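Converting from the sequence shown to the numbering used here requires adding 4 to each position, the first position being numbered 1. The beta carbon of each residue, even a glycine, is placed where N, CA and C say it ideally should be. The model shown is predicted, which means the values in this text are computed figures rather than measured ones. Have a look at the structure below, then the notes.
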Amino acid sequence: MKKFFASAVAFLALNAVATGQQPAQNPSAAAPAPVPVTPATASAHITLEEAIRLALQHNHALQAVRSNILISQADEITANLRPNPTIAWDSQFFPLFHPDQFNSDYLANQAQFDLGIGYLFERGKKRQHRLQAARDQTAVVRSQSSDSERQLIFNVSQQFIGALLAESTLAFAQQDLDSFQQTVTISEERFKVGDMSEGDFLKIRLQMLQFQTDVSAAQLAKVQSLAALRQFLGFDSVPDNYVCDGDLKYEAVHGSTEDLKALALRSRPDLIAAELGITAARSQEALAEANGKRDLGTSFNYTHTAGTSSGAFFFNIDLPIFDRNQGNIAHARHVITQAQEQASEAAEQVLTDVTDAFENLRTNDKIIQLYQGGYVDQAKQSRDISEYAYKRGAASLLDFLDAERTYRANQLAYRQALASHMTAVEQMRQAVGSRNLP
5 MKKFFASAVA FLALNAVATG QQPAQNPSAA APAPVPVTPA TASAHITLEE
55 AIRLALQHNH ALQAVRSNIL ISQADEITAN LRPNPTIAWD SQFFPLFHPD
105 QFNSDYLANQ AQFDLGIGYL FERGKKRQHR LQAARDQTAV VRSQSSDSER
155 QLIFNVSQQF IGALLAESTL AFAQQDLDSF QQTVTISEER FKVGDMSEGD
205 FLKIRLQMLQ FQTDVSAAQL AKVQSLAALR QFLGFDSVPD NYVCDGDLKY
255 EAVHGSTEDL KALALRSRPD LIAAELGITA ARSQEALAEA NGKRDLGTSF
305 NYTHTAGTSS GAFFFNIDLP IFDRNQGNIA HARHVITQAQ EQASEAAEQV
355 LTDVTDAFEN LRTNDKIIQL YQGGYVDQAK QSRDISEYAY KRGAASLLDF
405 LDAERTYRAN QLAYRQALAS HMTAVEQMRQ AVGSRNLP
């Protein structure tokens, strides 16, 4: 009778396994639902979009980069300033060594007083060129700041997904521990009634250590990932016990590589900054040429000498015989060539980033399709069948433990694959410089 019962259970197990293989043969079958993330009690839940918003508002490194815009705007004020007028005065022929002659008649008729005011007239529209060069540099700094935002958004997204993975792994490890605890309880009852050897029971108890270790490791990974994410968000922007609200899920991207490259060439702020660098370099060349123009110095002097008042005008200008600012002009022209090469390199880097991100995303798509094609369900069904058969004495302990390890490894790998896919999507967004993919 016992052999008959074991044969019947084995037959049912084979039918269940055969049924579990059907999703792999039917591509139109529904894919497994997204892996849920069920956080523990917490006082603050933030989504990915909220995390990005908080980071853009409170990240100190980004705020330091943004201050460069204000610094550059202050340089615009300096560039637009006109020269200050100058004032000069003097007194001559004072009887310092004959103080007895010092009287009002002497000051009025013999001493000399001079008072002059002067102004430097800039030629070549230097002020306008200085201002334009400063404004062009501010445009470059703005784009560089936007590129820092792009990098920060990717870092926040990557860390947020890591936190979701840690939370999901912890929930799974805890669930697996609770489930295996039931197996230990049943095995203990079987051991007490003599239906299980002490050696097998000890193997079950020792396997419990692995589940408890998984829970502890998952708890540590969760704390570390949330702490790393909080540094990006700003420690004061979220409470200590905040949690990430979201699921590990598959999201298909249907854009072609050509569309993504075209979008990246239009949107990437580092490429825009490199292109604006060419404009800024040309403004510096125009300023260098303007600085080659000699400025006109003018002044008017009032003089009172020997009781007579008179006025005089003075003019001076450098003769551009030797110094015509040739060196700075040549320097500015070489900077233009350098900026053009840097822009070309930036464009090629953009295309390379898009290609790498696209291939990474496509590879992750294939891996997710493999898991959702039946392997996830089959691993769970195999574990359930082995557990069912083991609890009723129709399967060996080694078979059950092997099915349990396979199921746990499959679930953890599936969660990691989902996190890798979500990270690949964020990498694609970073590569094209836009949150909206075609």
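Just the Cα atoms here: how many angstroms apart are Trp3 and Ile282?
-> Not covered by the structure: residue 3. The range shown for the chain is 5 to 442.
Just to confirm, are Ala170 and Ser229 a CB contact at a threshold of 7 Å?
-> For the purposes of this step, residue 170 is taken as residue 166 along the sequence shown, with counting starting at 1. For the purposes of this step, residue 229 is taken as residue 225 along the sequence shown, with counting starting at 1. For Ala170 and Ser229, yes; Cβs fall inside 7 Å.
List in chain order: all unbroken alpha helix (DSSP H) runs of 4+ residues lying wholly within the stretch 52-125.
-> 52-62, 64-83 and 108-113
Give the DSSP-derived three-state secondary structure of Val436 in the structure shown.
-> For the purposes of this step, residue 436 is taken as the residue at position 432 of the sequence shown. It is helical.
Contacting residues, own chain, Cβ-Cβ under 8 Å from Ala347 (five flanking each side not counted) = Within the sequence shown, residue 347 is the residue found at index 343, counting from 1. Taking Ala347 as the centre and dropping the five residues before and after it, the same chain places the C-beta of Leu275, Ala278, Glu279, Gly281 and Ile282 closer than 8 Å to its C-beta, in chain order.
For Ala284 versus Gln148, is the C-beta distance shorter than 7 Å?
-> Residue 284 sits at position 280 when you count from the first residue of the sequence shown. Residue 148 sits at position 144 when you count from the first residue of the sequence shown. Their beta carbons are not under 7 Å apart, which means Ala284 does not touch Gln148 by this criterion.
Separation of Asn245 from Arg286, as counted between CA atoms = By one-based count along the sequence shown, residue 286 stands at place 282. By one-based count along the sequence shown, residue 245 stands at place 241. Using only the alpha carbons, I get a separation of about 53 Å.
Does Val242 come within less than 7 Å of chain B when only Cβ atoms are used?
-> Structure shown: chain B not included; a single protein chain is present.
Is the stretch 355-375 touching the stretch 298-309, taking contact as three or more C-beta pairs under 8 Å?
-> no
Of the choices Pro324, Thr307 and Leu323, whose alpha-carbon is the least far from that of Phe317?
-> On the sequence shown, residue 317 is found 313 positions in, with the first residue counted as 1. When only C-alpha atoms are compared, the closest one is Thr307.
C-beta atoms of Gly128 and Lys297 nearer than 7 Å = Working through the sequence shown from its first residue, we reach residue 128 at position 124. Working through the sequence shown from its first residue, we reach residue 297 at position 293. Yes, they are a contact pair.
Three-state secondary structure assigned by DSSP to Ile329 | Within the sequence shown, residue 329 is the residue found at index 325, counting from 1. It should be pointed out that residue 329 corresponds to Asn in this sequence rather than to Ile. DSSP places Asn329 in coil when its eight states are reduced to three.
Cut-off 7 Å between Cβ atoms - residues of its own chain near Arg412, not counting five sequence neighbours on either side | Counted from its first residue, the sequence shown places residue 412 at position 408. Correct list, in chain order: Asp180.
Got a sec? Which residues, its chain only, sit under 6 Å from Phe239 by beta carbon, not counting five neighbours each side?
-> Here residue 239 corresponds to residue number 235 of the sequence shown, with the count starting at 1. No residues qualify anywhere along the chain.
Cβ neighbours of Asn320 in the same chain (closer than 7 Å, five flanking residues each side left out) = In the sequence shown, residue 320 corresponds to position 316, counting from 1. Excluding sequence neighbours, Asn320 sits near Gly301.
Could you tell me how far apart the beta carbons of Arg146 and Ile73 are, in whole angstroms, since I believe they sit closer than 8 Å?
-> What you label residue 146 is simply residue 142 of the sequence shown in a count that begins at 1. What you label residue 73 is simply residue 69 of the sequence shown in a count that begins at 1. Right, their Cβ atoms sit about 6 Å apart.
Anticipated Cβ contact below 8 Å, Glu408 with Ser161, distance rounded | Within the sequence shown, residue 408 is the residue found at index 404, counting from 1. Within the sequence shown, residue 161 is the residue found at index 157, counting from 1. Rounded, the Cβ-Cβ distance is 34 Å, inconsistent with contact.
Between Ile56 and Ser76, what straight-line distance do the alpha-carbon atoms span, to the nearest angstrom?
-> Here residue 56 corresponds to residue number 52 of the sequence shown, with the count starting at 1. Here residue 76 corresponds to residue number 72 of the sequence shown, with the count starting at 1. Cα to Cα, the separation comes out at about 26 Å.
Residue from Ala393, Ala383 and Arg272 whose Cα sits closest to the Cα of Thr440 = Here the question's residue 440 lines up with position 436 in the sequence shown. Rather than Thr, the amino acid found at residue 440 in this sequence is Asn. Comparing Cα-Cα distances from Asn440 to each of Ala393, Ala383 and Arg272, the minimum goes to Arg272.
Counted within 10 angstroms of its Cβ, other Cβ atoms place Arg234 as buried (16 or more) or exposed = On the sequence shown, position 230 is the one that residue 234 refers to. It is buried - the Cβ of Arg234 has at least 16 other Cβ atoms within 10 Å.
Pairwise C-alpha distance: Pro87 and Ser108 | Within the sequence shown, residue 108 is the residue found at index 104, counting from 1. Within the sequence shown, residue 87 is the residue found at index 83, counting from 1. So the alpha carbons of these two residues sit roughly 39 Å apart.
Using 8 Å as the Cβ pair cut-off and three pairs as the minimum, do the stretch 359-367 and the stretch 332-347 touch?
-> no
Going straight from the alpha carbon of Gln434 to that of Gly259, what length do you get?
-> Start at 1 with the first residue of the sequence shown, and residue 434 comes out as number 430. Start at 1 with the first residue of the sequence shown, and residue 259 comes out as number 255. Rounded to whole angstroms, Gln434 to Gly259 spans 15 Å at the Cα level.
Give the DSSP-derived three-state secondary structure of Gln342 in the structure shown.
-> To locate residue 342, count along the sequence shown from 1; it is residue 338. Here Gln342 carries a helix assignment [DSSP, helix/strand/coil].
So which of His102, Gln116, Ala383 and Ser201 has the shortest CA-CA distance to Ser95?
-> Walking along the sequence shown from the start, residue 95 turns up at place 91. Ranking the options by Cα distance to Ser95, first place goes to Gln116.
Helix, strand or coil: which one does DSSP assign to Ala290?
-> The residue you call residue 290 lines up with position 286 of the sequence shown. Reduced to three states, the DSSP call for Ala290 is helix.
Is the beta carbon of Asp79 sitting closer than 7 Å to the one on Ala138?
-> Here residue 79 refers to the residue found at position 75 of the sequence shown. Here residue 138 refers to the residue found at position 134 of the sequence shown. Yes, they are a contact pair.
Pick from Gly437, Leu58 and Ser438 that is closest to Pro243, judged by C-alpha positions | On the sequence shown, position 239 is the one that residue 243 refers to. Taking only the C-alpha atoms, the option nearest Pro243 is Leu58.
Distance cut-off 6 Å: Ser152 Cβ against heavy atoms of the ligand PLP | Although the ligand PLP was asked about, the structure shown includes no ligands whatsoever.
Which whole-angstrom value is the C-beta distance of Tyr254 and Leu422, which I expect to be below 8 Å?
-> Indexing the sequence shown from 1 puts residue 254 at position 250. Indexing the sequence shown from 1 puts residue 422 at position 418. Yes, Tyr254 and Leu422 are in contact; Cβ-Cβ is about 6 Å, under 8 Å.
Simplified DSSP state of His258, which is helix, strand or coil = One-based indexing of the sequence shown puts residue 258 at position 254. Correct three-state label for His258: coil.
Answer yes or no: do Ala428 and Asn368 have a C-beta to C-beta separation smaller than 7 Å?
-> Against the sequence shown, residue 428 aligns to sequence position 424. Against the sequence shown, residue 368 aligns to sequence position 364. Their beta carbons are under 7 Å apart, which means Ala428 touches Asn368 by this criterion.
Can you check DSSP and say which residues form a bridge with Ser313?
-> For the purposes of this step, residue 313 is taken as the residue at position 309 of the sequence shown. Ser313 pairs with His308.
7 Å Cβ cutoff met for Phe158 and Cys248 | Counting from one through the sequence shown, the residue named residue 158 turns up at place 154. Counting from one through the sequence shown, the residue named residue 248 turns up at place 244. It is not a contact, given that the beta carbons lie outside the stated cut-off.
Are Ala222 and Leu174 touching if we call contact CB-CB under 7 Å?
-> For the purposes of this step, residue 222 is identified with residue 218 of the sequence shown, where counting begins at 1. For the purposes of this step, residue 174 is identified with residue 170 of the sequence shown, where counting begins at 1. Against a cut-off of 7 Å, the Cβ pair of Leu174 and Ala222 comes out as a contact.
Span separating the alpha-carbon of Arg270 from that of Ser183 = Walking along the sequence shown from the start, residue 270 turns up at place 266. Walking along the sequence shown from the start, residue 183 turns up at place 179. For Arg270 and Ser183, the distance between alpha carbons rounds to 53 Å.
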